[in-house]
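Residues in the sequence shown are numbered consecutively from 1, following full-length UniProt numbering.
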Amino acid sequence: MQYACDHVHLRSRDAVKAGAFYVETFGAREVKRVGDAPVQRVVLDLGGLTVFIEQAPAETTPAAPTPCLGLEHIGLRVADIEAAMADLTARGVPVRTGITQRAPDLRIAFVEGPDGALIEILERKAA
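Now the structure itself:
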């Protein structure tokens, strides 16, 4: 059996606003919107990854604080982590943890997206 990644599914109190964050901040491309006002789902292409952002009903509970079990974060790879973090900071994106060296070829940082989504920014270099 062979498996391939199809999509990541997020829920948001404001799917349109959350979608705009990923478009404006990370260069995602909005592919389509499903449903009328209010929109049911915004579909994005984020660097080749399909992201569904579902409009969550009011009674939907917030995400568990990290670290947590289950899907914890999305990782976005960049060529220059210093430049990426400077850009994100200048845009007012909340930084959870600054740049740390995790291995000789890996540096990471974490920022916060809409609805508390944890987003890892990582730079991998040839070892």
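Positions of the beta carbon are idealized from the N, C-alpha and C atoms, including for glycine.
Burial state of residue i, where buried means 16 or more other Cβ atoms lie within 10 Å
i, result
"Ala-28", "buried"
"Glu-24", "exposed"
"Ala-86", "exposed"
"Glu-123", "buried"
"Arg-77", "exposed"
"Tyr-22", "buried"
"Val-111", "buried"
"Leu-71", "exposed"
Own chain residues within Cβ distance below 7 Å of residue i, not counting five before or after
i, result
"Arg-13", "Ala-56, Asp-115"
Minimum C-alpha distance to residue i - residue among the options
i, options, result
"Gln-40", "Gly-19, Gly-47, Phe-26", "Gly-19"
"Lys-32", "Ile-119, Ile-53, Val-93", "Ile-53"
"Cys-68", "Thr-50, Val-16, Leu-118", "Leu-118"
"Leu-44", "Phe-26, Gly-92, Pro-94, Pro-38", "Phe-26"
"Gly-47", "Pro-65, Glu-30, Thr-89, Glu-59", "Glu-30"
Spatial neighbours of residue i in its chain, beta-carbon cut-off 6 Å, leaving aside the 5 residues before and after
i, result
"Lys-125", "Asp-105"
"Arg-107", "Ile-81, Ile-99, Gln-101, Glu-123"
"Leu-10", "Ile-53"
### Segments of 3+ residues assigned as beta strand (DSSP E) that fall wholly inside the UniProt domain "VOC" (4 to 124)
8 to 12, 29 to 34, 41 to 46, 49 to 55, 73 to 77, 95 to 103, 106 to 112, 118 to 124
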